[in-house]
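The structure appears below as structure tokens.
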Amino acid sequence: EDQVTQSPEALRLQEGESSSLNCSYTVSGLRGLFWYRQDPGKGPEFLFTLYSAGEEKEKERLKATLTKKESFLHITAPKPEDSATYLCAVSRSGGYNKLIFGAGTRLAVHP
Amino acid sequence: GAVVSQHPSWVICKSGTSVKIECRSLDFQATTMFWYRQFPKQSLMLMATSNEGSKATYEQGVEKDKFLINHASLTLSTLTVTSAHPEDSSFYICSARWGQGVGEQYFGPGTRLTVT
Chain B
25 EDQVTQSPEA LRLQEGESSS LNCSYTVSGL RGLFWYRQDP GKGPEFLFTL YSAGEEKEKE
85 RLKATLTKKE SFLHITAPKP EDSATYLCAV SRSGGYNKLI FGAGTRLAVH P
Chain G
1383 GAVVSQHPSW VICKSGTSVK IECRSLDFQA TTMFWYRQFP KQSLMLMATS NEGSKATYEQ
1443 GVEKDKFLIN HASLTLSTLT VTSAHPEDSS FYICSARWGQ GVGEQYFGPG TRLTVT
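Going down the list, the sequences are from chains B and G.
If you count by this note's numbering, then the first sequence holds residues 25 to 135, one letter each, in order.
If you count by this note's numbering, then the second sequence holds residues 1383 to 1498, one letter each, in order.
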């Protein structure tokens, strides 16, 4: 059965304290892995798409990496405005472009 | 680019009435639109997938007669919650994508539905 597991469930960081969020997946025929950011009461905001193992993408303080079993979202020197829930999702072959979401990691960055 | 809007952003209705939520892709043509619902502190649950001009495909356990989806054009999809009950109260979010290949979905801001 297709599964996406994110850890930790919640993470509290001090401003400037770098860390990583994990997304492990079990899916037959990965077509793409997606990272989104969601603020309370809002829809998810697209961050990155990764297609194959070894791929990396960066945007400001965020860097996403992908292996054959998991993806990491690295946050370098976070700021309080990075506080949000980060969602990981996968799309698989034969999945009609549907996304399978993980439960998310709630990140709180304190000054 | 890739902006998706939803209307209304919040709605309160009485039990037994119907509510329509609109989802629009503002700067691209959406070949596929998706409807999700999200409960507090939970992840997104896919309700249905709709392609322009076709009937929606509903996920297992989602009542298609209760949640009516219409994808009338390449920029508009609507979700109608019929005969709403308090248990239908939730955060409803739509997303849209273009093309047939692998690609990201862009999400609307969501609609908070409260049924009293």
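All C-beta atoms, glycine included, are put in the ideal place defined by N, C-alpha and C.
Within 8 Å of any Cβ in chain B, is that where the Cβ of residue i sits?
| i | result |
| --- | --- |
| isoleucine 1403(G) | no |
| isoleucine 1475(G) | yes |
Can you find the residues in the same chain that come closer than 6 Å, C-beta to C-beta, to residue i, ignoring five residues on each side of it along the sequence?
| i | result |
| --- | --- |
| tyrosine 1440(G) | Ala1430 and Lys1446 |
| lysine 87(B) | His98 |
| glutamine 1487(G) | Ser1477 and Arg1479 |
Only counting the same chain, and skipping five residues up and downstream in sequence, which positions put a Cβ closer than 8 Å to that of residue i?
| i | result |
| --- | --- |
| alanine 132(B) | Ala34, Leu35, Arg36, Leu37 and Ser107 |
| serine 1428(G) | In the sequence as displayed, the identity of residue 1428(G) is leucine instead of serine. So the qualifying residues of the chain are Phe1416, Trp1417, Tyr1418 and Glu1441. |
| proline 104(B) | Glu39, Val133, His134 and Pro135 |
| glycine 78(B) | Leu90 and Thr91 |
When the Cα of residue i is compared with those of the options, which residue comes out closest?
| i | options | result |
| --- | --- | --- |
| glutamine 27(B) | Glu39(B), Asp63(B), Gln62(B) and Leu57(B) | Leu57(B) |
| histidine 1389(G) | Thr1498(G), Val1497(G) and Pro1491(G) | Pro1491(G) |
| proline 32(B) | Lys81(B), Lys122(B) and Cys47(B) | Cys47(B) |
Just checking: is the beta-carbon of residue i within a distance shorter than 8 Å of some beta-carbon in chain G?
| i | result |
| --- | --- |
| threonine 29(B) | no |
| asparagine 121(B) | yes |
| proline 32(B) | no |
| arginine 61(B) | no |
| lysine 66(B) | yes |
| alanine 77(B) | no |
Residues in its own chain within less than 7 Å of residue i by CB, not counting five upstream and five downstream?
| i | result |
| --- | --- |
| leucine 54(B) | Val114 and Arg116 |
| glutamine 1411(G) | Leu1456, Thr1457 and Trp1480 |
| alanine 101(B) | Gly40, Ser42 and Arg85 |
Return yes when the Cβ of residue j is within less than 8 Å of the Cβ of residue i, no when it is not.
| i | j | result |
| --- | --- | --- |
| serine 1425(G) | glycine 128(B) | yes |
| leucine 1495(G) | serine 1471(G) | yes |
| glutamate 94(B) | tyrosine 60(B) | no |
Quiz item: Does the count of Cβ pairs from the stretch 117-124 of chain B and the stretch 1452-1460 of chain G closer than 8 Å reach three?
Solution: These segments do not touch.
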